[in-house]
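Visitor:
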Amino acid sequence: MAEPHGDSPRSPVSRTVTVSTLPTGGFPVRIDATAEERGELAEAHGLSSVESFHADLELKRWRKDGVRMRGTIRAEIVQECIVTLEPVVSKLDIPVDAVFLPEDSPLRRPLDDDGALIVDPEGPDIPETFEGGTIDAGAIAEEFFELAIDPYPRAPGAELDEVSSKDDKGDEDADDNPFARLAALRDKL
Numbered sequence: 345m346a347e348p349h350g351d352s353p354r355s356p357v358s359r360t361v362t363v364s365t366l367p368t369g370g371f372p373v374r375i376d377a378t379a380e381e382r383g384e385l386a387e388a389h390g391l392s393s394v395e396s397f398h399a400d401l402e403l404k405r406w407r408k409d410g411v412r413m414r415g416t417i418r419a420e421i422v423q424e425c426i427v428t429l430e431p432v433v434s435k436l437d438i439p440v441d442a443v444f445l446p447e448d449s450p451l452r453r454p455l456d457d458d459g460a461l462i463v464d465p466e467g468p469d470i471p472e473t474f475e476g477g478t479i480d481a482g483a484i485a486e487e488f489f490e491l492a493i494d495p496y497p498r499a500p501g502a503e504l505d506e507v508s509s510k511d512d513k514g515d516e517d518a519d520d521n522p523f524a525r526l527a528a529l530r531d532k533l
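If you count by this note's numbering, then the sequence shown holds residues 345 to 533, one letter each, in order.
1) Pull up the DSSP beta-bridge partners for K435, would you.
2) Quick one: what's G415 bridged to in DSSP?
3) Excluding the five sequence neighbours on either side, which residues of its own chain have a C-beta within less than 6 Å of the C-beta of V422, listed in chain order?
4) Suppose contacts are defined by Cβ-Cβ distances below 9 Å. Is S364 in contact with E486 by that definition?
5) Within 8 Å, do at least three Cβ pairs link the stretch 471–480 to the stretch 435–450?
6) Is T360 helix, strand or coil by DSSP?
7) Please report how far the alpha carbon of V361 lies from the alpha carbon of D441, in whole angstroms.
8) Drop a sphere of 10 angstroms on the beta-carbon of E380, count the other beta-carbons inside from all chains shown, and report buried for 16 or more, exposed for fewer.
9) According to DSSP, is E503 part of a helix, a strand, or is it coil?
10) Hey, T476 and P439: beta-carbon distance below 9 Å or not?
11) Which first and last residues belong to the beta strand (DSSP E) in which I375 is found?
12) Can you have a look at P316 and say buried or exposed, based on whether 16 or more other CB atoms are within 10 angstroms of its CB?
13) Compare the C-alpha of K408 against each of L366, I417, R525, P522 and name the closest.
14) Suppose you measure from the CA of F489 to the CA of A502; what does that come to, to the nearest Å?
15) Just checking my contact of A481 with L385 at CB under 8 Å: how many whole Å lie between their CB atoms?
16) For E424, which residues in the same chain have their Cβ closer than 8 Å to its Cβ, ignoring the five residues on either side in sequence?
17) Please name the residue or residues paired with L445 in a DSSP beta bridge.
18) Taking the straight line between their C-alpha atoms, what separation do you get for R530 and V427?
19) Taking the DSSP output, what are the residues bridged to D480?
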């Protein structure tokens, strides 16, 4: 049922599960990314490295033809600090709980009488869709992983200094002012 990824450009940790063969008790999908897969994850997400990536997921049937995925993703990543460019190590512990329905399912998206999508911002997430009778559990795990990555990592104690193009008197240096340079060019013409 679950197959390691081959040449799939979609996700380095792709694990495809055939929905029609899911047992009623659920199907476990465990991903322990290889060094090659971790390298591809790091490159795909702009990280210095992915030291570990483990996903323990369970896929169960949901209602008649849907699938519910629950589990946890644990990863250790290294990023560059946005201030000092020093390595910042982060440990991620990501809960996964998502529901998927076939594209043609009537439960897919609730619509009102005018055909507009009904969304309750305080309610549960609207189920995602899948096509072709398969779900890529690894690609979904990678999406949750991506959302958990800090886009602005900082090393402990790293602070941004105020950047200023003005000297101590508050005056801009005429040589550094691009408009002063343009005015000088205009005067030459």
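Beta carbons are placed, not taken as given, at the ideal position from N, Cα and C, and that holds for glycine.
Guide: According to the structure data:
1) Within the sequence shown, numbered from 1, the residue matching residue 435 stands at position 91. Looking at the DSSP output, K435 shares a beta bridge with E420.
2) Mapped onto the sequence shown, residue 415 falls at position 71. Per DSSP, the beta-bridge partners of G415 are L401, V440.
3) For the purposes of this step, residue 422 is taken as residue 78 along the sequence shown, with counting starting at 1. Spatial neighbours of V422 in its own chain (CB-CB distance under 6 Å, excluding positions within 5 residues in sequence) are listed in chain order as S392, S393, P431, V433.
4) Sequence index remark: in the sequence shown, residue 364 carries index 20 (1-based). Sequence index remark: in the sequence shown, residue 486 carries index 142 (1-based). Against a cut-off of 9 Å, the Cβ pair of E486 and S364 comes out as no contact.
5) Touching, per the Cβ criterion.
6) As a working mapping, residue 360 is identified with position 16 in the sequence shown. In the three-state reduction of the DSSP assignment, T360 falls in the strand class.
7) Start at 1 with the first residue of the sequence shown, and residue 361 comes out as number 17. Start at 1 with the first residue of the sequence shown, and residue 441 comes out as number 97. So the alpha carbons of these two residues sit roughly 17 Å apart.
8) If you number the sequence shown from 1, residue 380 lands on position 36. So E380 ends up on the exposed side.
9) Your numbering for residue 503 matches position 159 in the sequence shown. Coil, per DSSP.
10) Along the sequence shown, read from residue 1 onward, the residue named residue 476 stands at position 132. Along the sequence shown, read from residue 1 onward, the residue named residue 439 stands at position 95. This sequence places Gly at residue 476; Thr is not what is there. No. Outside cutoff.
11) As a working mapping, residue 375 is identified with position 31 in the sequence shown. First-last of the beta strand (DSSP E) with I375: 371–376.
12) There is no way to answer for residue 316, as the model of the chain reaches only from 345 to 533.
13) Here residue 408 corresponds to residue number 64 of the sequence shown, with the count starting at 1. Checking every option, the nearest Cα to that of K408 belongs to L366.
14) Residue 489 sits at position 145 when you count from the first residue of the sequence shown. Residue 502 sits at position 158 when you count from the first residue of the sequence shown. F489 and A502: Cα-Cα distance of roughly 25 Å.
15) For the purposes of this step, residue 481 is taken as the residue at position 137 of the sequence shown. For the purposes of this step, residue 385 is taken as the residue at position 41 of the sequence shown. A481 to L385, Cβ: 15 Å. No contact.
16) Mapped onto the sequence shown, residue 424 falls at position 80. The beta carbon of E424 sits closer than 8 Å to the beta carbons of S392, E430, P431, V432, P497 from its chain, once the five residues preceding and following it are set aside; these are given in chain order.
17) Reading the sequence shown from its first residue, position 101 is the one you call residue 445. Bridge partners of L445: T473.
18) The residue you call residue 530 lines up with position 186 of the sequence shown. The residue you call residue 427 lines up with position 83 of the sequence shown. One C-alpha to the other measures close to 39 Å.
19) Residue numbering aside, residue 480 sits at position 136 when the sequence shown is read from its first letter. Answer is T360.
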